[in-house]
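Have a look at the structure below before the remarks.
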C-alpha cells in the first residue's frame, strides 16, 4: 500500500515534467514485478483523470494502454466494476471537447471491444445502454459516429440474450440512435442495420403473433414506446429496419397499418412511413388478405385532404404516396387538385411548387398533360375566387413538355385550351372566376410560345388544322377584347388579354413567314399611330385599340405598358417582314411612344428596336439610358447587340468617356488628359489626330473613383469595337484609353486590375491591323511604352502591324532614335530588343528596298546595346535575349574586334541559360546562334547541349511558355547524341513511374514528353522514343488499377500529343493502350463531364489524325463509342431532375458526340455493315431513357449522320430486328431523312 501511495505521489507531483511522469507511469504499467495490487486499474484511473489537460501525449498513452495485451487480458480480480464505471464516465465527459473527441472515441471503442469489460456490460445492461446513449448524443462527427455504429462489439450476441436487454435498449438507446442518424443517409443506413441485428433478426415469429392476436411482449413494448414519443425520425428508423429485416408483403403491410394507427393522424409520421416503403422497394401492389396494399394509401390521402390544411408535411406525404402509386393520383385527381388549388399556399410556396411540378412530370410520362390541365380547369371553374399562383418551374416544365409533344397531341391540347378560353370569355360579363381565366391564359401563352409547328418535319395537314385553330383563337380574342372594352378597366384582365394577343401574333407571324400554306391576313389603313396595331391584330378596330392604349396610359400600370409597347414593335416587325416598304410615320410614332415610357424595359436592348425604330435624333437620350441601365444592372453583355447601329454606338462611347472623365475628382479634373481630349470632340465625328496632341501627363496627383473607372471600362469592353466599320471611332477610343492610362499613372491606385482591364481593351482594339496601317505617330507609341504595364505586348502588336506597311517604315526612325538615346531605360531597351528580334526574323522575307532600312535599324540598335552589355554589373538573365541578338548580328557581319569583346561574356550567359532556362525566348535565340555557328563554338557546344538537355528534363514550364519550351527541346535535340537521348529518356520514364506510384502529378514530365513528341525526330531517336513511350503507358495504364484524376489527365494529354504527330508511328500496343485508357476513364472517373469530354477528345483525335490506322481497329473503337453513348444517356435522364446549367453542360457533351458521329463518315465503306447496329443502340437508348430535349436533339442528329452509311439492306434489317417502339421511331427518322436530309443531286 505504501508503494502505491509513493507511486501516486510521484505521478501527481506537478513540479516534475509531464513527459517524465508519463514515462514513469508507462514503465510501472508494463512492469510485472511491481508488487501493487490492482496496478492497472489505479494507473488507468490516474491517466484518465489527467486527460482533462487535453495533452496529446496523455491521450496517446491511454490509447496505447487500452490496446495493450495487459488490458485485453484483465480479469475481475484486476479491475472491479466501480473502476470501469468511473473510466466510462470520465471518457464520456471528455467527448465535450472538440480537440479530444476523436481520440476519446478510439479509447471508448477499445473499452467496448475488451472481452472482460463486455462481461461487465452483460450483467449491467442498463448501464451499458446509457453509456452508448451518451456516446451517440455527444458525438456529432459523422466519421466518428460511423466508427461507433459499425463496431461489431457494440451489442454482442451475449448482451442481446439478456433478460432486460430489449427494455433497456428501447428506453435508452433508440431515441439517441435516431437523432444521431437524422441528417446523414449513410449513418441512417448503418443505424438501421444495427436495429436489424439487435431487435428484429430473432423476432419474426413474435411480430407475426402480435399482428395476428395482439400478444407479444417485445412488439408491444416497442410500439408503446413509439406511441409515447410520437417522433417521426424514430418511426422512420424503426420501420426502415423492420422492412429490411422482413421482406414478406403481408408482414410489412401489417406493421405499416399498425404504425399508421399508432401515429395518431400525425401527417409527418405518415409521410416518413410512406417514404420508407419507397426506399425499401416494398411491393405496394401485392394483395394482402384479399385487399391490395396500396388501398390504404387512398384512405390516408382522403384523411389528410379532409382534415388537415396544406403544410410542408402534407405536401411531403402526398409526394411520397404519388411516388409509390401514381395510379392513385388519377383516381383522386379532382380531390387532390381541389386541396392544393383552392387553399392558400402562403408559407409553403416551395412545397406547393414542387408538388405541382411532380403532378406535371407524372402526367407527362403518361402522355396525359391535357387530362391534367382539363381537371385543373374544371376545379378552378367552379371555385371561389382567390389568389392563384402558378409556379415558374411548372410553366417551364410545361413548355418543355409542349416541345416534345407529338403534333396530334399538340393539336388536342390547343383545342382544350381554346375551348375553355372561349367558355371563360363567354361568361366574362356574368362574373366569371378570374382564377379560371388567368390559368387558361397563362398556359395558353406558354403553349403558343413553345409549340413547334413551323417545322419542316410537321405534316402539311397538321399545319392546316393548326391554322384553323389559330383563326378560331383570333375570333375568341375579338370577343375577349370587345368585352374588356365594354366593362370597367381591370389591369389584371387586361394584362392577360394583351399577353395572349402578343403570343398569338408572334406565332402567326412565324407560321405565315415559314409555311407556304399559311397566308397572313393583314390590314393596312391610313392611321400611322403607334396604338393602331390592326395590321396584325385586326380582330379589334382602331378605335378599340386606341381606347385600350388610353386606359393603360391613364391608369399607369407598368406590365400593361410593356406589353402594349411590345405589340407596337411587333406590328412594325410584321410590316418589315411582309411589306416592301414601311412608312416613316409609323416608325416615328412607335419610336415616340417608346421614348415616352421605355425606362426599365426589356425592349431597351432589343436589336430590332435599336436598329430599326430608334431615330437618330433620340440617340443621345437612348445612349444615356442604355449606359445608366447597364451600369445599374451590371449586365454589360447586353451592349453586344448594338454593333449595327453606328450612330448609337458613337453616342454610347461618348457617354462612357464622359463618365470615365467624371470619375476623377472635380478639383483636379481640369489637369486630366481625358478632359483635354473631350474638348476636341465633334458632335458628329471623333478626331483621333487632334486627341493625340493632348497625350501629356498631368503635373499633379489626381484623385479617382476606381469602381466607376472599372465599371465603365467593362462597358466599353462589351461594345464590339474591333468589329465596327468606323475606323475613326476605333482610333478615338484607342486615343482616349491611352490618355486615360496617362491620368491613372498620376493616381495612387488601390486596385491593379483597373490598369489590366484598360490594357486588355487596348490590345483587343490593336489586333485590328486596319488601324495600324494608317495610324500611330511616334508620340503615341512612346506614350504607350512609358505608361502601360503590358508595353512589350502592345509594342509588339504595333510594330508588326506598322512594319508590314512599306510607307510607314520611316516612322520607326524617330522611334529607334529615341530608344537608342535612352538605352539605359528598361522599357526602351526591351522594346529595342523586340524590334531587333523582329527585324532579324523577317530579314529574308522583305524586299531589297526595305532591307536597307531594316539593316540600319539593326546596326543602330546593336551599336547602342554593345556598351550596355559589356557592363559587368548587369544580370545575365535580364539581358540574355539582347546578348543573343547582338552576338548573332556581329557574327554575321564578321566584326572580329567586337567579337573579341562579346565572346568572353558567353560563359556567363551559358550559366544563366542552363541554370534557369529563363527567359526561354532568349535561351532559344542563343542556342540557335550556337547551332548555326557551330564551327565558332565547336569546343563548348556539346557540353552546353548536355547541360541544357538536363535542365529541360527538370524544368517547370508554364502553359504560356510551352511553345517556346518545345522550340528549346527541338534545338537541343539537334545537338545531343543518340546515347544521351536514350539515357535521359529512360530517366524520364523512371521519374514518371515513381511519381505515379506515389500518386503525384506528372504534369511537368508530361510537358517534356509532349515537347519531344512534337519534334521531328530522326529514325534512331524515334525508335528510342517509341520504346520508352510504350513502356511508360503500358505500366501506368495497364498495371495502375487505382484511378487518379490528375495522372489520367496528364496521360491523356500525352496520348493526344503523339497521336497528332504524323511523324510518330503508332504501334498496335500503343493503340490498344489508348483504347484501354478510354475504358478505364469511363469506369473509374468520379467527374462524369470531365471523363466524357476527355473520352470524346481522344476518339475525335484518333479519327482526325489516324484514320488509316483506326480503320483496322474499328470494332474496339466503336465499343468505346458505345460506352460514351451509354454513359451520356444514363446521365441525361429526366428522372434525375438536373438544374438548367447541368442540362446545358450535358447538351454541349451531346453536341460533341454528334460531331464525333459525323467524323465516322470517313469510314463509309467499313461502316456500311456496322452503322445499323450503332443506330439500333441509339434508338434503344431513346426507348429505355427519357432524355432531356436539348440532349435528345443531338443524338437524333447523330442518327441522321449515320443514315448515309446504311444501304437499303441495312435499312430493311433495322425495320426487321428493332423492337416495336424503336421500329416506329426509325420509320419516322427514315422518312424525314429521305425527305429532308438525303442528297438527291437536286438543288
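In the working numbering, the protein residues as written are 110 to 1352. Glycine residues also receive a C-beta, built at the ideal position from the N, C-alpha and C atoms. Keep in mind that this is a model prediction, so the values were computed, not measured.
Indicate the three-state DSSP secondary structure (helix, strand or coil) for residue 514 in the structure shown.
If you number the chain shown from 1, residue 514 lands on position 405. Residue 514 falls in the coil class under three-state DSSP.
Rounded straight-line distance, which links the Cα of residue 590 to that of residue 863
Here residue 863 corresponds to residue number 754 of the chain shown, with the count starting at 1. Here residue 590 corresponds to residue number 481 of the chain shown, with the count starting at 1. For residue 863 and residue 590, the distance between alpha carbons rounds to 55 Å.
Beta-carbon separation (whole angstroms), residue 245 vs residue 216, contact threshold 8 Å
Locating residue 245 in the chain shown gives position 136, counting from the first residue. Locating residue 216 in the chain shown gives position 107, counting from the first residue. Distance from residue 245 to residue 216 at the Cβ level is roughly 16 Å; contact not present, criterion being Cβ atoms closer than 8 Å.
Going by Cα to Cα distance, which pick from 294, 781, 1311 is closest to residue 252?
In the chain shown, residue 252 corresponds to position 143, counting from 1. Ranking 294, 781, 1311 by Cα distance to residue 252 puts 294 first.
Measuring alpha carbon to alpha carbon, tell me which of 1198, 1185, 1270, 1203 ends up nearest residue 1216.
Here residue 1216 corresponds to residue number 1107 of the chain shown, with the count starting at 1. With distances taken between Cα atoms, residue 1216 lies closest to 1270.
For residue 324 versus residue 317, is the C-beta spacing smaller than 8 Å?
Working through the chain shown from its first residue, we reach residue 324 at position 215. Working through the chain shown from its first residue, we reach residue 317 at position 208. No, the Cβ-Cβ distance between residue 324 and residue 317 is not below 8 Å.
In or out: residue 726 buried (at least 16 other Cβ within 10 Å) or exposed?
To locate residue 726, count along the chain shown from 1; it is residue 617. Because the pLDDT of residue 726 is 49, which lies under 50, any placement of that residue in the model is unreliable, and the number read from its coordinates should be weighed accordingly. By the neighbour-count rule (16 or more Cβ atoms within 10 Å), residue 726 is not buried but exposed.
Verify whether the separation of the beta carbon atoms of residue 556 and residue 523 is less than 8 Å.
Reading the chain shown from its first residue, position 447 is the one you call residue 556. Reading the chain shown from its first residue, position 414 is the one you call residue 523. Yes, they are a contact pair.
Chain C beta carbons: is any one of them nearer than 8 Å to that of residue 587?
In the structure shown, chain C cannot be found, because there is only a single protein chain.
Count the other CB atoms, across all protein chains shown, that sit within 10 Å of the CB of residue 570; report buried if there are 16 or more and exposed otherwise.
In the chain shown, residue 570 corresponds to position 461, counting from 1. So residue 570 counts as exposed.
Close Cβ partners of residue 623 (< 6 Å) along its chain, the five nearest in sequence each way excluded:
Position 514 of the chain shown, counting from 1, holds the residue named residue 623. Closer than 6 Å at the Cβ level, and outside the excluded window around residue 623, lie 563.
How would you write the range of the alpha helix (DSSP H) that residue 485 sits in, first residue to last?
As a working mapping, residue 485 is identified with position 376 in the chain shown. Its alpha helix (DSSP H) spans residues 478-490.
I'd like to know whether the C-beta atoms of residue 580 and residue 548 end up nearer to each other than 8 Å.
Sequence index remark: in the chain shown, residue 580 carries index 471 (1-based). Sequence index remark: in the chain shown, residue 548 carries index 439 (1-based). Not a contact, by the Cβ cut-off of 8 Å.
Local conformation of residue 649 per DSSP, three classes
Numbered from its first residue, the chain shown carries residue 649 at position 540. Coil at residue 649, not helix or strand.
Contact the segment 1278-1286 vs the segment 1311-1323: 3+ CB pairs below 8 Å:
The segment 1278-1286, when compared against the segment 1311-1323, does touch it at the 8 Å Cβ threshold.
Can you tell me whether residue 963 is buried or exposed? The criterion is at least 16 other CB atoms within 10 Å of its CB, across all chains shown.
What you label residue 963 is simply residue 854 of the chain shown in a count that begins at 1. Label assigned to residue 963: buried.
Check the DSSP bridge columns for residue 856 and list the partner residues they point to.
Position 747 of the chain shown, counted from the first residue, corresponds to residue 856. Answer is 811, bridged to residue 856.
Check whether the segment 1325-1335 and the segment 1297-1304 touch, using three or more Cβ-Cβ pairs below 8 Å as the test.
no
Member of 1239, 1208, 1242 whose CA lies at the smallest distance from the CA of residue 1228
As a position in the chain shown, residue 1228 is number 1119, starting the count at 1. Of the candidates 1239, 1208, 1242, the one whose C-alpha sits nearest the C-alpha of residue 1228 is 1208.
Spatial distance of residue 255 from residue 213 (CA atoms)
What you label residue 255 is simply residue 146 of the chain shown in a count that begins at 1. What you label residue 213 is simply residue 104 of the chain shown in a count that begins at 1. Computed Cα separation, rounded: 15 Å.
Provide the residue span of the alpha helix (DSSP H) that contains residue 135, from first to last.
By 1-based counting over the chain shown, the position of residue 135 is 26. Segment 127-139, the alpha helix (DSSP H) holding residue 135.
The alpha helix (DSSP H) enclosing residue 1208, as first and last residue numbers:
Working through the chain shown from its first residue, we reach residue 1208 at position 1099. From DSSP, the alpha helix (DSSP H) with residue 1208 extends over 1197-1214.
Under a three-way DSSP split, which group does residue 340 fall into?
Within the chain shown, residue 340 is the residue found at index 231, counting from 1. Coil at residue 340, not helix or strand.
Please list the terminal residues of the continuous alpha helix (DSSP H) segment that includes residue 537.
Within the chain shown, the letter at position 428 stands for residue 537. Segment: none, residue 537 is in no alpha helix (DSSP H) and carries neither H nor E.
Cross-strand partners of residue 1000 (DSSP beta bridge)
Mapped onto the chain shown, residue 1000 falls at position 891. Paired residue(s): none; residue 1000 is not in a bridge.
Exposure label - residue 858; buried when at least 16 CB within 10 Å:
Here residue 858 refers to the residue found at position 749 of the chain shown. Burial call: exposed.
Locate the alpha helix (DSSP H) running through residue 443, then write down its first and last residues.
Counted from its first residue, the chain shown places residue 443 at position 334. First-last of the alpha helix (DSSP H) with residue 443: 442-450.
As assigned by DSSP and simplified to three states, the class of residue 223
As a first step, residue 223 is located in the chain shown; it is residue number 114 there, counting from the start. DSSP places residue 223 in coil when its eight states are reduced to three.
Can you grab the Cα-Cα spacing for the pair residue 567 / residue 516, in whole Å?
Here the question's residue 567 lines up with position 458 in the chain shown. Here the question's residue 516 lines up with position 407 in the chain shown. So the alpha carbons of these two residues sit roughly 7 Å apart.
How many angstroms separate the CA atom of residue 1293 from the CA atom of residue 830?
Counting from one through the chain shown, the residue named residue 1293 turns up at place 1184. Counting from one through the chain shown, the residue named residue 830 turns up at place 721. The straight-line gap from Cα to Cα measures roughly 50 Å.
Beta-carbon proximity of residue 269 to residue 209, cut-off 8 Å
Counted from its first residue, the chain shown places residue 269 at position 160. Counted from its first residue, the chain shown places residue 209 at position 100. No.
If you draw a straight line from the alpha carbon of residue 120 to that of residue 178, how long is it in whole angstroms?
The count along the chain shown starts at 1 and reaches residue 120 at position 11. The count along the chain shown starts at 1 and reaches residue 178 at position 69. One C-alpha to the other measures close to 23 Å.
Quick one: residues in its chain with C-beta nearer than 7 Å to the C-beta of residue 332, no 5 flanking neighbours on either side, listed in chain order?
Sequence index remark: in the chain shown, residue 332 carries index 223 (1-based). 367, 371.
Relative to the C-alpha of residue 308, which residue among 282, 288, 412 is closest?
Here residue 308 is taken as the residue at index 199 of the chain shown, counted from 1. Minimum Cα distance to residue 308 is reached at 282.
Can you grab the Cα-Cα spacing for the pair residue 1329 / residue 518, in whole Å?
What you label residue 1329 is simply residue 1220 of the chain shown in a count that begins at 1. What you label residue 518 is simply residue 409 of the chain shown in a count that begins at 1. Going from the Cα of residue 1329 to the Cα of residue 518 covers about 20 Å.
Could you pull the DSSP bridge partners for residue 773 from this structure?
Residue mapping note: residue 773 aligns to position 664 of the chain shown, counting from 1. For residue 773, which the question treats as bridged, DSSP gives the partners 813.
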